[in-house]
Each structure stands twice: as C-alpha cells, then as structure tokens.
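Colleague: Protein chains in written order, with the numbering used here: chain A, 625 to 1040; chain B, 20 to 379; chain C, 10 to 374.
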Amino acid sequence: MSDHEPAASTVAAVRPLERIAALWRRIDPIDFFFRSLQARIGAKRMAWAFLVPNLLIFGTFAFWPMILNFWMAFTGGTSTIIAERPFVGLDNFREILDCPSWLDPRGCPVVGYSFWTGLWNTLFFAAVQVPAMILVATATALVLDRDMKGRGFWRAVYFYPVMLSPVVVAVIWDWILKRRGILNALLGDVVERWNGFVAYPAAAAGLIFVVAFVVALLVVRPIAARFGASPAAARGGAIAAALVLATIAAFATRPWGFLVLADFRPVNWLVDQRSGWPMFWAIFVYSWAHLGFYMLILLAGLQAIPRDLYEAAEMDGTSKTRQLFRITLPLLTPTMIVVVVLSLIRAFQVFDEIWVLTGGGPGQATKMIVQHIYETAFTGDAKRYGVAAASSVLVAGLLLVLTLLQLFVSRRRAQG
Amino acid sequence: MITATDLTTFLTRRRGRALHWTDVVAHLYLAFGLALVVLPVVWMLVSSVKSQRALVENDPRLLPWEQVTVLGSEGRQLSVFTLVRDDGTRLEVAFLAPRGRNALVVPVAEVGDATRAFEAPRDRLVRKETVAPQIGNYTKPLFGTGDTDRFPFMRFFWNSTFVTTMATLLTLLVNSMAAFALSKYRFRGRDAIVVIIVSTLLIPPTVILVPLFITVQGLGLFNELWGVIIPAIASPTGVFLLRQYMLTIPDELLEAARMDAASEWKIYWRIILPLAAPALAVLAILSVIWRWNDFMWPLIVLTKSEVYTLQLGLSTFKGEIADNLDHLLAMTVLTLLPVTLVFVFLQKHITAGIANTGLK
Amino acid sequence: MARLELRSVTKTFGTARVIHGIDLEIEHGEFVVFVGPSGCGKSTLLRMIAGLETVTTGEVVLDGRMVNTVPAAERGLAMVFQSYALYPHMSVRQNLSFGLENLRMARAEITRRVDEAARMLRIEALMDRRPGQLSGGQRQRVAIGRAVVREPTIFLFDEPLSNLDAELRVQMRIEIGNLHHRLGNTMIYVTHDQVEAMTMADRIAVLRDGRLEQFGKPLDLYNRPANRFVAGFIGSPRMNFLSGTLAAIDEAGVEVALKAGGRIRVPVGAAGLDLGASVDFGVRPEHIRPIEPEGAPVGLAVTLAEQLGGESYLHGTTESGETVAARLPGQTSVRRGDTVGLALGDPGDRHLFDAATGAALPHLA
Ligand SMILES: Nc1ncnc2c1ncn2[C@@H]1O[C@H](COP(=O)(O)OP(=O)(O)OP(=O)(O)O)[C@@H](O)[C@H]1O
Ligand SMILES: [Mg+2]
C-alpha cells in the first residue's frame, strides 16, 4: 500500500492547486441561475447568453462611439448631451482646413495651427521612429537568433521596458535628461577624462596604435585574403602593416592636439527649442520603451523559420550573405508586415510618453496629433468636442489610407 | 574594411565550432543594449534613496552620499568637514559661517562652545559624507508623514489596484464567455461576429476618444473608477486569444459533459475554463499590465484627485512640483515595482505568450 | 425497461443528407452493433440517439416517448467516446462522479456507485490519477466506468476499441461482453470492424451511405445476407462473386450460366426475373473446395497459395478474369501456377443476387 502514497513533497505542491479546484467547485452555485435560463431558452441559445455581455460592452464602447464620432464631427457647442449639440455642417472641418498654407501652420488660425503642427510632427515622428526602431529591432532579433546562449535572458532584458508605464518611462528619462541631469554630467565627465587621457603622450600613442591595429586587421587581412594569401600570412601582414601605420601615425601627430575635444557645455535636451534635441529624445525614449515588443515578435518570426532550410543552403554552399537575403529576410516578410503596420499605427497614436516627458514642448516642437485632439476636447475653457471629433475623423481616414497602402504595397512586393 | 560577409556573420552566425570574432562583437552589442535598458532604471532606483539636496545638486555618484551634520548650539544642523592641517593631521570641524576665502569652524567635539571657533582656509576643508539611504523618501508619502495631501500614494495605489483587479477579472470572465460561445457553438452569424470583433483591433482607440467620453459621461461614469474599468473590458485581443485556444479543446469533451447532464454554464465553468487556464493566464498578465499602465483614458475620465490612479497621480505630481524630486522618484519606483515583480517571476510566460500571439 | 425505436429518421448537414430515413426497433437488454464502412453515418445515428445531434426529420422514441427535443442530459443514456473524452483536468474519481454531481445526487450514493464501478472495472488503484497518467486500456476502462456509474437505460459506444492494440482489443471486447451480461442493459455499439460486430452483437445493423441495409442476428446476416453489400461486408475474407445469367428456372431453384464458364444450380426463387437476366452468384471462400479441373464448372488459375498451417488460402483468377479466394482447412498441395477446378459449395451455401438491384434472391425452404 505504501507505494501508492505520494511523496510528501508532491502532496505539498498539489495542495494549493487542489484547494483552488475545491473553491472553484464551490462557486458553482451560479450554475443555478444559468440552469434556469437554459431551461427557459434551450441549450442552443445559451451561446447568445454567453455572448451578450461582451457584445453589449463592445457595442456601447466601440461601435456606438465610432458612429457617434461622425455625428459629433458635424456638431458644435460645448454640450456633452448629444441632443443639445447644434448641427453645424462642415464648419469644424472648415476651421481645421482653413489655413493659408498647411505646410507652414504658423500662419494658420488657432485650430489649424494646432492641428497641422500636430499632424506634421506626428508624420515626422512616425517617418523617423518606425524605420529606426525596426532596423534596430531586426538587427537585435537577428543577433539573438544566432546560436546564442542565454537567449531567454536577453529577450527578457530587452522586453522589460515594454512593461513599464509611459509615465514611469517619462519620469525616468526626464530625470536623466535634465539640464543638471546624469547625461550631461556623464558627457562632461567623459570629455574631461578624454582630454586628460590624450594629454599624456603615452596614452595617446597607445590609443593610436590600437586604432591602427584594428584598422589594419579589418582592412589588410580581407584584402590579403582576397589576393590569395594564406590566413596566417594575411594575419602576419596585417600586424606588420599595423605596426608601420602606428609608428607613422604616432610621429606624424606628435602634439596630439587634434585629439583634444572642446569643453562640453551641458545641453538643455528637452528645453532647447532650436536644437532639434526634444524631437530626437521623444523618438529615442518612445523607441526605448517599445523596441522590445517588436524585437520579440521578429525573433519569434525568425525562430519559426525551419532550421533545416539553413542546413540545406549550407549543403548547397550558399554564402551567409545570400542566406540572409534569400532565406531569412524573405521568410520574415509576413512578420515584418505585421510589425510595420502595428508600429506605424501606434506611432500615429503616440501621446502618453511624450505628453508626460515634454508636454508637447518646447513651444509646439513635440506636439502630436493626439495631443491636439486631447487638448481641443478636454483642456482649456472651451471644450471643442466637435473640432476634436472632426480631427479624429481626418486622422482615422489618414490611418486607414496608410494601412491599406501598406498592405497593398507589401502584397504587391510579395507577389512581384 | 569590414566586408558584407563579416556583417552577415555577425548578424546570423549559428553553431560555430570555434569562437569567431563576431561572437565577441555580438555580445558587446547585446551588453550595450543591456546597459541602455538597465542603467536608466538603476539610476532611478539609486536616485530614489538620495536626499533632496543631493538630487537638486545632481550628485553624479551612484551611492547616496550624504553630508554628515551635528546639532549646533542654536539648534542648527551644522555640516561637518575634515580640516587637513599643514602637518597632515586631521580634525573634524563643524562649519559655522563663511569668512571670505576662509570659513568659521568649530571642532566637532566642542561644538557647543562658541569660544572655540576659529577660521580655517576653505580649501583645506573636506566634506565629511556617509552613505545614508533616505528611506524617508518612501516612508513619508507612504505612511502619511509630511506632505501626504499632495501625493496620497496609498489612495492612488488602492485606486490603481482596484481598477487593475476588477478590470482583469471582468476581462477574463466576459471575454472567455464570448470566446466559448464563438468557438464551441454553431449558430447563424457566428463567423460574422468573430470578424467584427477582431476587426475592432484595427480601430485606433485614440480616434474615438471624444464620443467614448461623451458615452461614458452619459452613463454617469465620469470621475468614477468604473468609467475606466468598463469600456476596456471587452477586448478583441482577449476574445481572439482565448478563442484560438478553446478551438483546440476537443468537442467530444463537451459532448461527454452534456451526456453527464452538465448544463452549458457548468460546461463552461468546470470544463472549458480549467482547460483554457494557460490562455487565461496570458490574458490575465496582459490585462494587468495594460490596466496598471493605462494613462490616456484615465486622464480623460478621472479629473478629481480622489479617483486618480497611480499613473495619473505620478504625472500630475511630476508636473506640479520640481522641488519634491525625492518623493517623485521614490513613488516612481513604487509604481514600477509591481510590474517589475510580475515580470521577474512570470517573464517566461509573458514573452512566450506575446511571441505566440503576436499581440500586446 | 428501455426500448428504443427510430422512425424514418433522417439527418441533413447543410445541404448534404447523410441519413436517409432509418427505421429500427431495439428491445430491452439487447446488444446491438451498428457496422458499416467509414463515413456511412454510424456515428451520426448514434449521436442522434444520444441527443448530441438534432434529428432532421423522423422520430427517436424511447420507451414510447418521442425524445427528439429532449436534451442529451435528460435522456438517461450514457456514451463512451472513441477518444474517451475523459476530462483531463480531473482525477479518475472526479471524472466518474462529475455526472452524478450534476444530477444532484447525494454524496454517499455517489461514493457508493463510483466505488462499485471502480471495483467492477478494476481501476480502484487509479482513482487519484489524472487521465494523462493512464494507459490506453486504463483510460478505456475509466471511460466505461463513467458510463456505468450513471446506471443508464442504454449504453452507447462509438468505436470504443479503435485506439487500442489488437491484443487489448480482444480483451476489452470480452470485458464489455461480460459487462453487458452482468448489467443486462441495452447497449448500442458502433464499429466498422465486422469481427467485433459478429462476436458481440445480439443483432447487427449494417449501414451504408446513410441507409439501413440489413438488421438481424449475426448468423442470419452471415447465412442469409439481404443483398450483395451485406454479403460482401460480413465475413472475412469476403464472399466471392461471379457474374452470370439466369439459364433456367424451375420450382427447385434456378440454373445460372456463369461467365467464368459452366452452369450451377442455386436453390432460390427468381420471382420477377426473366431468363437471361444478369445475376451475381456468391459463395464464401470457406465453402469452396479445389477439385480436379476436368468436369469442374469453373477453373481457377492459382496466383497465390498461402499456407498458415492450420488453414490455407488460395487466390486466383477465373477464365473470365474474376478473382476468387478459397479458404481450406488444414494444408494443401496446390501451388502458385497450378490450375484447379472449383466445387462451389453445397446448394444451401450458394447465394444469388439480382445484378441490377443487388438484392438477394430468396432461398427456397
Ligand atoms: N458536423 C458535420 N457537418 C457536415 N457533415 C458531417 C458532420 N458530421 C458528419 N458529417 C458527414 O456525415 C457523414 C457520416 O459521418 P459519420 O461520422 O456518422 O460517419 P461514421 O460512419 O461514423 O464514419 P467513421 O467510421 O469514419 O467514424 C460523413 O460523410 C461526414 O462527412
Ligand atoms: Mg464515427
């Protein structure tokens, strides 16, 4: 009999689960209500009973607002009661579009200025952020797709920022990017140390030697190899070339003054309006927070590529470069399309991080289109719901066109 | 010259026999990424236990070095310095007042005795500091001492917890019910409903802000936590994810249960839900993250500080006061802590779940 | 008491009709087997009886009561599924008691029934395991146990043994037979294995393409198949068919001119058929004997001779190109390439089918 008794440790492990299971069974009396419902409407129609809560909420908070948005775009006033909102026709749209030049919003009236600034900023943001982030995400995913030890660890590390709330992300980076923040301190420190370092002739000579060595290795070796030298000969040649180069360089640049950098002046990263830094950091911080997600998806896509394809290519003597461009990337295309569409749609809706980080400033430098909608509708004294709804309609249209275009182009490419 | 082959080797190398130089570069690349991800958060962590003074002066040192002080005769806190004399001997002195290039100081041992004060050249004075984590940055806002009315952390925390818990429970319930109906029953219009629900994934939420707000207000949910909870319950992601999973549960199990006189609800509750537990876990984790980090929608619906969630409180707090940096950073850490803990323990499930569903 | 009646039952999926009006009466305590080739609608018919599938037209009648609209749970039947359909997240005990709990049965009674079933099926030692921790045969027993504890009026089995290996299948077949003997319930059992059907059934229903071809005792089906399909389906190796025409009709039977050459008498009535009508002559392999080629009605060029020791099989082709198999007791000296004559059974073992309709011509007395 004793051999039927499970070990003490398994009992301990099983107990909480069993307890949950027992609790689960006890909650069962809700069954009574549904039993009588089922008795009344029959088993088949219970499907609808299961669907109703979901459909109700979907209807109220997704479909109805979609319809309502169109209506609101044609109404004015500040009332939140739909029946009391006067119909104004195309006035809201006219107000947004009424502008001497859409490309230069500064000449527009208030609403147009806000809308067009937000739109151009968002377009710029998306045009830079999406390709940059996807490039880095793809490179990282490719590196992790190598036969990498601790892939789970790296994946988790890069994914971690995705878990952080936009507010936390913004506070962290705001704290780093303050004028008297750690970034400025670090940069100042680095410049100072560098200048201190190159002030010593020996250090500078060493540095030059290392650079020369690496350059020689990277340049001379492949060239030598291409002209048929054996690897050992190529390496030897490279080292000799490095020594010669380093010596020449060390003598030629004896004062080493060119290595001394100008003193670093702290930059007001998020405040200096003309520098372009605020937009840079908006893009950087947003990408920092979201890159891990796309990296994860791309990595999953890469890992789904059957390994034997590579082995087959290997057998065929396909070069690595060819494998990357003829196997990996084409097979990654479906994932890539998803990633591009998703990140583009999201980039268009960027709000949280940037609003907390810069508030759209300095001036209007990082004001995005969603911030325009938000502020038009919900801040300030005159709550211009109609204008905000009209802006939403325009943005939705733009998004739709962009998405369709995306899918169309990628379909074309997939076929052609 | 780095050739194209080198670059692709760096990107794509697999199962090499010997260590290739690109392996080193790959790890350097990854380590750089690691630093970029981890250092900002670590910097936030260590900064959160620094004193207000260290923060304002922006002390770039990692550890929370704090000025050592003694209580002076008039009840003033006096900074302690170490005076290095010409002969190399050292003396701990308290700083009383500046005197041009000199400073009026008094030995710490005799700090109460004004007659012992003397002048010492400033460049001979070295600050005396110790590592002193300022736990008060956390305890003051948490346990109600100091300026709690300005940042009632516990209330915000409770609001966030309430919203997250309720929304997650309801999300699981409502979406699993719908997924059950859409995966295990055959009825007219089923496929149309699936398509419609999934296509709402494509509606950018920001595009319906205004009408959603009007609807929520019309329902009397403005400035109510339920106004944040309810609109997001029905999640197309949730329905999609759960339905895909439930499709893999064999129909024969349900038929066996029907033969066993189980009602439809009982089938859902006792058969489907336990068997869909892995998918429910993924959705639960996602929902917790979504709701805990949610910002824009609460920002619109909640305008009274009593109903603020942690994220709202934090962003308002950030905007209002630059001089309470110490508390801001500490509260930021507390805000990111639950999510971080969840992540540390469930990291595998989260990344696997998201990689498999391709959804966030 | 459980008497089951199907009255012109049909079933349509979308536009496809898969059951074409089936009439069937099953008496209390009977063990009835549904057989037929894959896709003929056995499972569908069983599931309509169970209440898992709606009846398109016709009636399912249980003990005189029409139950078309009664939900599965309330019909008082129990079913054993092909895949067992054990609840993977419940222990064996929970699997057995789940249905009883749903019926709000008293705890003590549930325990009593479950323990009794466990004893009967020898699964007492497995009660705290999950289905995933059981072998195929053990799962099968649990699945049966789940049906047993319900004490149903009718047991329904849908190919319950098809996932088991051959040895276990024989053993479970015996156990199910014993179970039927002990409980005395009505059992309906679906299989496409005609050996299972022959060995287990009180009566067999042969289905083809949603139609009931014949319903009767196993030996009746074997001895007097109602049509060519049943004749070919029941029995292994299958019945040999030789085509021919009616050459003579008298009161003792008919004479058939075989395409393979020769004439043969079959003691059947030929009502409605004229001389010269096309017919199929059928005889089972076990009734054929090899004889000297000279004077034999049919000659066979042997293409394969299988010696199993206890019995032997001959395969070959006739002059008309039709294949014939013979099963001989003991061992034989016939070799591949030999030509033998065939003795085509006693008159009572010969069957004749209308080639146009496939229907069997009735044996005389
Ligand atoms: N839900 C359904 N929808 C449409 N057609 C179905 C459905 N279920 C069964 N069928 C069709 O009905 C016919 C009979 O199916 P059934 O499962 O009853 O066959 P079966 O005799 O049990 O076969 P098998 O021995 O392979 O289990 C098949 O042609 C099948 O394709
Ligand atoms: Mg079947």
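Ideal Cβ positions, reconstructed from N, Cα and C, are used throughout, including at glycine.
Based on Cα-Cα distance, which residue from Arg155/C, Val239/C and Leu13/C lies nearest to Val76/C?
Modeller: Leu13/C
Colleague: What I want to know is whether the C-beta of Ala750/A ends up closer than 7 Å to one or more non-hydrogen atoms of ligand 1.
Modeller: no
Colleague: Do we get a CB-CB distance below 8 Å when we pair Ala809/A with the residues of chain C?
Modeller: By the rule that beta-carbons nearer than 8 Å mark a contact, Ala809/A does not touch chain C.
Colleague: Identify the residues that DSSP records as bridge partners of Lys802/A: which are they?
Modeller: Looking at the DSSP assignment, Lys802/A forms no beta bridge with any residue, so it has no partner.
Colleague: Taking a contact to mean a Cβ-Cβ separation below 8 Å, would you say Thr328/B touches Phe175/B in this structure?
Modeller: Annotated as proximal: Thr328/B and Phe175/B, with beta-carbon spacing under 8 Å.
Colleague: Would you say the beta carbon of Lys51/C is closer than 7 Å to some non-hydrogen atom of ligand 2?
Modeller: yes
Colleague: In its own chain, which residues sit with a C-beta less than 8 Å from the C-beta of Lys668/A, not counting the 5 before and 5 after it?
Modeller: The beta carbon of Lys668/A sits closer than 8 Å to no other beta carbon from its chain once the five residues preceding and following it are set aside.
Colleague: Determine, using beta-carbon pairs with one atom in the segment 244-261 of chain C and one in the segment 269-282 of chain C, whether at least three such pairs fall under 8 Å.
Modeller: yes
Colleague: Tell me the DSSP secondary structure of Phe5/B in three-state form.
Modeller: Not covered by the structure: residue 5/B. The range shown for chain B is 20 to 379.
Colleague: Is there a C-beta anywhere in chain C that falls below 8 Å from the one on Ile373/B?
Modeller: No, no contact with chain C.
Colleague: Could you check the C-alpha separation between Leu255/C and Arg247/C for me, to the nearest Å?
Modeller: 24 Å
Colleague: So who's on the other strand from Ala369/C, going by DSSP bridges?
Modeller: Phe362/C
Colleague: Within 10 Å of its beta-carbon, does His189/C have 16 or more other beta-carbons around it, so buried, or fewer, so exposed?
Modeller: buried
Colleague: Report all residues from its chain with a CB closer than 8 Å to the CB of Gly318/C; omit the five preceding and five following residues, and keep chain order.
Modeller: So the qualifying residues of the chain are Gln340.
Colleague: Considering just the uninterrupted stretch of the beta strand (DSSP E) at Glu264/C, what are its terminal residues?
Modeller: Gly262 to Leu267
Colleague: Please list, in chain order, the chain C residues whose beta carbon lies closer than 8 Å to that of Met265/B.
Modeller: Going along chain C, no residue has its Cβ under 8 Å from Met265/B, so there is no contact; the nearest lies around 14 Å.
Colleague: Go ahead and label Glu816/A buried or exposed: buried means 16 or more other beta carbons lie within 10 angstroms of its beta carbon, across all protein chains shown.
Modeller: exposed
Colleague: DSSP three-state call for Thr208/C: helix, strand or coil?
Modeller: helix
Colleague: Give me the DSSP bridge partner(s) of Pro785/A.
Modeller: None, per the DSSP bridge assignment.
Colleague: Using only the heavy atoms of ligand 2, determine whether one of them is closer than 7 Å to the beta carbon of Asp167/C.
Modeller: yes
Colleague: What residues match up with Arg220/C in a beta bridge as DSSP calls it?
Modeller: Arg217/C
Colleague: Can you check the segment 974-1033 of chain A for any alpha helix (DSSP H) of at least 4 residues that lies completely inside it and give the ranges in chain order?
Modeller: 976-981 and 993-1002
Colleague: Taking all protein chains shown into account, decide if Glu380/C is buried (16 or more other Cβ within 10 angstroms of its Cβ) or exposed.
Modeller: Nothing about residue 380/C can be read from this structure; chain C reaches only from 10 to 374.
Colleague: Using C-beta distances below 7 Å, list every residue in its chain close to Leu74/B, excluding the 5 sequence neighbours before and after it, in chain order.
Modeller: Excluding positions up to five away in sequence, the list reads Ser66, Leu344 and Asp345.
Colleague: Under 8 Å Cβ to Cβ from Asp137/C, same chain only, skipping five residues before and after it: list those, please.
Modeller: Ser100, Val101 and Arg102
Colleague: Mind the definition here: the segment 208-228 of chain C touches the segment 26-46 of chain C only if three or more C-beta pairs lie below 8 Å; say whether that holds.
Modeller: yes
Colleague: Excluding sequence positions up to five away, which residues of its chain have a Cβ less than 7 Å from the Cβ of Thr366/C?
Modeller: Non-local C-beta neighbours of Thr366/C in its own chain, meaning closer than 7 Å and more than five positions away in sequence, are absent.
Colleague: Using only CA atoms, which one of Ala374/C, Val292/C and Leu95/C lies nearest to Asp279/B?
Modeller: Leu95/C
Colleague: Could you give the distance in angstroms between the alpha-carbon of Thr634/A and the alpha-carbon of Ala115/C?
Modeller: Because the pLDDT at Thr634/A is just 43, under 50, the model does not fix this residue reliably, and the value given afterwards should be weighed accordingly. Their Cα atoms are separated by approximately 31 Å.
Colleague: Are three or more beta carbon pairs between the segment 144-159 of chain B and the segment 81-94 of chain B nearer than 8 Å?
Modeller: Contact between the segment 144-159 of chain B and the segment 81-94 of chain B is present, because at least three Cβ pairs lie under 8 Å.
Colleague: Of all the residues that make up the segment 991-1007 of chain A, which are near chain B by a beta-carbon distance shorter than 8 Å?
Modeller: Going along the segment 991-1007 of chain A in chain order, one finds Val994, Ile997, Tyr998, Ala1001 and Phe1002 with a Cβ nearer than 8 Å to chain B.
Colleague: Residues in the same chain with beta-carbon distance under 6 Å from Glu133/C, minus the five sequence neighbours each way, listed in chain order, please.
Modeller: Ala127
Colleague: When you compare each of Ile369/B, Asp106/B and Arg289/B to Ala645/A by their alpha carbons, which one comes out closest?
Modeller: Arg289/B
Colleague: Suppose the cutoff is 6 Å on Cβ atoms and the five residues either side in sequence are ignored; what does the same chain contact list for Thr66/C look like?
Modeller: Thr19
Colleague: Just the C-alpha distance for Glu34/C and Asp167/C, rounded to the nearest angstrom, thanks.
Modeller: Distance between the alpha carbons of Glu34/C and Asp167/C: 19 Å.
Colleague: Tell me which residues of the segment 67-80 of chain C have at least one Cβ-Cβ distance to chain B shorter than 8 Å, keeping chain order.
Modeller: Pro80
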